[in-house]
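**Q**
Chains as they are written, first to last, in my numbering: chain A, -5 to 275; chain B, 7 to 294; chain C, 307 to 456.
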């Protein structure tokens, strides 16, 4: 081969590779552009550009990344069902175990935020038994902790957090929340025996005393009527007044305990969202 | 060697045009923008599709794209915008008759029945318009949604094909003579027999309870007066009057609620019927 | 398998597209659980004598009796609130008639299901606006309807 022929050969090879690189470059450029929008928190537009990337990416090079970023964008907009849909598409296009695990975790975290925690726990149970992810068991436990915490099962959450090395603080925190919560069954039980005492247990003193007074009054009138052989009066007052206030007493004991617990839980959740520095759903 | 050399030169000639074809590489070229917009449109991702179509229209003019933008707005329930966009379709365009029908549909769906009739009278009825029958269907149906006087039966029915005529006749007859209950009748019935007015308005159990409370408290009042317990007599008597008068009032109110219910059901049935017939205008499938 | 899942998911895409029919941004999402516990409005309007007197009685009834005897009214608004709203919208006579009618309907334990729409907490939705004897004020809702908040 003459020198001129060799030069032409190299020249052509250069253009061939350049052409292929350019074909890849426009997809990479599009991906970078969409990601830039995502990083700038322009999530709606980011989704448009990731969709454009997916539409023109005939070979499916970016199927995992683009679907995942669409999911993450929807998640930032609190559109968790849409997010889960695209995370599922990302999962189906995962190229290795790491990507598979990431997308499964994205689905689980969105389920936690959507408060479909029972589904999140089911998925975490499946991951726990999957041998491919045995090295990442602590991560699985960590998210189980969050799933239980969002299910208002603070004791279970504490147990799972205690099995992850770095998060003893979360475990202690969850135990503390569980300890601070009122037991609605205790409140009800107290009010069964002494009307109003369940309300007093949850700090609702006026309601507790009023409840006790009404029950004492109507109880006295009812029993007195029966003692005086006024059975009709006894039945009427007992049924329409004493029983009514007694039931109200039980309802209030339960409701007050639940309402107080909600305040405690919301305070804890608020801290976890804004005060806690670790990874969050 | 010569063969290899020729092959390489040949490959180069293939790869160059591909590389220089900007539409294959520039995702924002007009052709690619339109392709992507069409895809979004067919995915029902209308807002994004509109953005892309508008970008495409910056470099060119297309009645078909304007029409699609209007359809997208209509599908999203933004009827005001869809009407504005359909208006953009020029008179001379082939899509103009369809755009007019779609304007009527949007006016219909947004409940602007008077505007719909004005539009029909102004733009369609006196003009040479091939789809006049479809437009007349919507025009006629608008009368079933308002309290304006209905067109004559002949005028109403001649806008429709025979297939749906029976169903349409039912709607027309219902509107002409709705099976309403009269408040006055309900009130009088309850004044004669407590609760009867409620039963007349299809509230059997409410009627029964009204009867029990009115009669029950009247009896208790009578019984206490009879036994010399005047305070209790007056108390139960007052309650009996309250329950009796409340029931007469409630029966009249119940008739109004009954009427509101049957009108609500009628409008819903009618809307379902119209939806299933695409408001009697041609369906264009852009996503075959 | 993947193809099967894609086929299953296809109809869902169209539903999801609807969430993008309005341009949205980053959401202000809160971890906290919404507090749905209802609290009474005990405030008094001293400017209106009739309203002040009526509301004082209602406040007293709520504080001493209604709040202590449990959730006995299956309606929303409750019978006492219905009475207050009815008097406010009409007058004491018409409001009382509306209240007696409501009280009778409250006692009816068989006819409520399949008649009234519900509020998210399960109570039957029955506002005074339905009983003002004004056809235009009736905003009819079917019994299958569930109101988010009232």
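For every residue, glycine included, the Cβ atom is placed at its ideal position computed from N, Cα and C.
Along the segment 36 to 48 of chain B, what residues have a CB closer than 8 Å to any CB found in chain A?
**A** If the cut-off is 8 Å between Cβ atoms, the segment 36 to 48 of chain B has 38, 41, 42, 45 and 46 near chain A.
**Q** Specify, as a first and last residue, the run of the alpha helix (DSSP H) that residue 419 (chain C) falls within.
**A** By one-based count along the third chain, residue 419 (chain C) stands at place 113. From DSSP, residue 419 (chain C) is part of no alpha helix (DSSP H); its letter is neither H nor E.
**Q** From this set, A:273, A:202, A:249 and A:266, which residue's C-alpha is nearest residue 377 (chain C)'s C-alpha?
**A** As a working mapping, residue 377 (chain C) is identified with position 71 in the third chain. Nearest option by C-alpha distance: A:249.
**Q** So what does residue 63 (chain B) bridge to, in DSSP terms?
**A** Counting from one through the second chain, the residue named residue 63 (chain B) turns up at place 57. Paired residue(s): none; residue 63 (chain B) is not in a bridge.
**Q** Among all the DSSP beta bridges, which residues are the ones paired with residue 431 (chain C)?
**A** Taking the third chain and counting its residues from 1, the one referred to as residue 431 (chain C) is at position 125. Residue 431 (chain C) is bridged to C:382.
**Q** With a cut-off of 8 Å, do at least 3 Cβ pairs link the segment 418 to 434 of chain C to the segment 368 to 382 of chain C?
**A** Touching, yes.
**Q** Which bits of chain C does residue 71 (chain A) rub up against, with CB to CB less than 8 Å?
**A** By one-based count along the first chain, residue 71 (chain A) stands at place 77. Neighbours of residue 71 (chain A) on chain C, chain order: 330, 331, 332 and 333.
**Q** Tell me which same chain residues have a C-beta within less than 8 Å of the C-beta of residue 259 (chain B), skipping the five on either side of it?
**A** Counted from its first residue, the second chain places residue 259 (chain B) at position 253. The residues are 189.
**Q** Rounded to whole angstroms, what is the Cα-Cα separation between residue 294 (chain B) and residue 95 (chain A)?
**A** Walking along the second chain from the start, residue 294 (chain B) turns up at place 288. Walking along the first chain from the start, residue 95 (chain A) turns up at place 101. Roughly 38 Å between the two C-alpha positions.
**Q** Residue ranges of each alpha helix (DSSP H) run of no fewer than 4 residues wholly in the segment 40 to 100 of chain B, ordered along the chain?
**A** Counting whole runs of 4 or more residues, the segment 40 to 100 of chain B contains the alpha helix (DSSP H) stretches 52 to 63, 69 to 81 and 85 to 93.
**Q** Is residue 149 (chain B) near the ligand COA - that is, is its Cβ less than 7 Å away from at least one heavy atom of it?
**A** Absence of the ligand COA is noted for the structure shown, with no ligands found whatsoever.
**Q** Confirm, please, whether the CB-CB distance from residue 49 (chain A) to residue 34 (chain B) is below 8 Å.
**A** Reading the second chain from its first residue, position 28 is the one you call residue 34 (chain B). Reading the first chain from its first residue, position 55 is the one you call residue 49 (chain A). For residue 34 (chain B) and residue 49 (chain A), no; Cβs fall outside 8 Å.
**Q** If you follow the alpha helix (DSSP H) that residue 267 (chain A) is in, where does it begin and where does it stop?
**A** Residue 267 (chain A) sits at position 273 when you count from the first residue of the first chain. Note, residue 267 (chain A): alpha helix (DSSP H), 237 to 268.
**Q** Compare the Cα-Cα distances from residue 290 (chain B) to each of B:172, B:101, B:93 and B:45 and report the closest residue.
**A** Within the second chain, residue 290 (chain B) is the residue found at index 284, counting from 1. Residue 290 (chain B) has its Cα closest to that of B:101, out of B:172, B:101, B:93 and B:45.
**Q** By a C-beta neighbour count over all protein chains shown, 10 Å radius and 16 as the cutoff for buried, is residue 193 (chain B) buried or exposed?
**A** Taking the first residue of the second chain as 1, we reach residue 193 (chain B) at position 187. Label assigned to residue 193 (chain B): buried.
**Q** Going by the CB atoms, is the gap between residue 196 (chain B) and residue 254 (chain B) shorter than 8 Å?
**A** Taking the second chain and counting its residues from 1, one reaches residue 254 (chain B) at position 248. Taking the second chain and counting its residues from 1, one reaches residue 196 (chain B) at position 190. Cβ distance < 8 Å, so residue 254 (chain B) and residue 196 (chain B) count as in contact.
**Q** Count the other C-beta atoms from every protein chain shown that fall within 10 angstroms of the C-beta of residue 27 (chain B), then say buried if there are 16 or more, exposed otherwise.
**A** Mapped onto the second chain, residue 27 (chain B) falls at position 21. Residue placement at residue 27 (chain B) is poorly supported in this model, since its pLDDT is 42, which falls under 50; the coordinates are not used for a value here.
**Q** Counting only Cβ-Cβ distances shorter than 9 Å, please list the residues of the segment 413 to 424 of chain C near chain B, keeping chain order.
**A** The segment 413 to 424 of chain C vs chain B, Cβ under 9 Å: 413, 414, 415, 416, 417, 418 and 421.
**Q** List, in order along the chain, the chain C residues whose C-beta lies closer than 7 Å to that of residue 259 (chain A)?
**A** As a first step, residue 259 (chain A) must be located in the first chain, where it is residue number 265. The answer, in chain order, is 339.
**Q** Out of B:144, B:87, B:63 and B:118, which one is the CA nearest neighbour of residue 279 (chain B)?
**A** Within the second chain, numbered from 1, the residue matching residue 279 (chain B) stands at position 273. Taking only the C-alpha atoms, the option nearest residue 279 (chain B) is B:144.
**Q** So the candidates are B:106, B:88 and B:92; which of them puts its Cα closest to the Cα of residue 116 (chain B)?
**A** Taking the second chain and counting its residues from 1, one reaches residue 116 (chain B) at position 110. Ranking the options by Cα distance to residue 116 (chain B), first place goes to B:88.
**Q** Assuming residue 247 (chain A) and residue 184 (chain A) form a contact by the criterion Cβ under 8 Å, report the distance between their Cβ atoms to the nearest whole angstrom.
**A** For the purposes of this step, residue 247 (chain A) is taken as the residue at position 253 of the first chain. For the purposes of this step, residue 184 (chain A) is taken as the residue at position 190 of the first chain. Rounded, the Cβ-Cβ distance is 7 Å, consistent with contact.
**Q** Exposed or buried, what is residue 185 (chain B) when buried is set at 16 or more other beta-carbons lying within 10 Å of its beta-carbon?
**A** The sequence position of residue 185 (chain B) within the second chain is 179, counting from 1. Exposed is the call here.
**Q** Excluding sequence positions up to five away, which residues of its chain have a Cβ less than 7 Å from the Cβ of residue 265 (chain B)?
**A** Walking along the second chain from the start, residue 265 (chain B) turns up at place 259. 186 and 187.
**Q** Would residue 363 (chain C) pass as an interface residue toward chain A - the criterion being a Cβ-Cβ separation below 8 Å?
**A** The residue labelled residue 363 (chain C) in the question sits at position 57 within the third chain. Not one chain A Cβ lies under 8 Å of residue 363 (chain C).
**Q** Per DSSP, which one or two residues make a beta bridge with residue 424 (chain C)?
**A** As a working note, residue 424 (chain C) is residue 118 in the third chain. In DSSP, residue 424 (chain C) forms a bridge with C:430 and C:452.
**Q** Does residue 281 (chain B) come out as helix, strand or coil in the three-state DSSP assignment?
**A** Translated into positions along the second chain, residue 281 (chain B) becomes position 275. Helix.
**Q** Quick check: residue 244 (chain B) and residue 406 (chain C), are their CB atoms within less than 8 Å of each other?
**A** Stepping through the second chain from its first residue, residue 244 (chain B) is reached at position 238. Stepping through the third chain from its first residue, residue 406 (chain C) is reached at position 100. Contact flag unset, no.
**Q** From residue 80 (chain B) to residue 49 (chain B), what distance separates their C-alpha atoms?
**A** On the second chain, position 74 is the one that residue 80 (chain B) refers to. On the second chain, position 43 is the one that residue 49 (chain B) refers to. In a straight line, the C-alpha of residue 80 (chain B) is about 15 Å away from that of residue 49 (chain B).
**Q** Drop a sphere of 10 angstroms on the beta-carbon of residue 154 (chain B), count the other beta-carbons inside from all chains shown, and report buried for 16 or more, exposed for fewer.
**A** Mapped onto the second chain, residue 154 (chain B) falls at position 148. So residue 154 (chain B) ends up on the exposed side.
**Q** Using 8 Å as the threshold, is the C-beta distance between residue 231 (chain A) and residue 219 (chain A) below it?
**A** The residue given as residue 231 (chain A) occupies position 237 in the first chain. The residue given as residue 219 (chain A) occupies position 225 in the first chain. It is a contact, given that the beta carbons lie within the stated cut-off.
**Q** Please report whether the beta-carbon of residue 31 (chain B) lies at a distance below 8 Å from any beta-carbon of chain A.
**A** Here residue 31 (chain B) refers to the residue found at position 25 of the second chain. With 8 Å as the cut-off, residue 31 (chain B) counts as an interface residue toward chain A.
**Q** Cβ closer than 7 Å: which chain C residues qualify as neighbours of residue 291 (chain B)?
**A** Working through the second chain from its first residue, we reach residue 291 (chain B) at position 285. What residue 291 (chain B) touches in chain C: nothing, since even the nearest Cβ is about 15 Å away.
**Q** Distance cutoff 8 Å, beta carbons only. Does residue 2 (chain B) sit that close to anything in chain A?
**A** Any answer about residue 2 (chain B) is impossible in this case: the structure gives chain B only from 7 up to 294.
**Q** Kindly provide the ranges of any alpha helix (DSSP H) runs that are 4 or more residues long and lie completely inside the segment 105 to 129 of chain A, ordered along the chain.
**A** DSSP runs (the alpha helix (DSSP H)) wholly in the segment 105 to 129 of chain A: 111 to 123.
**Q** Are the C-beta atoms of residue 199 (chain A) and some chain B residue less than 8 Å apart?
**A** Locating residue 199 (chain A) in the first chain gives position 205, counting from the first residue. Not one chain B Cβ lies under 8 Å of residue 199 (chain A).
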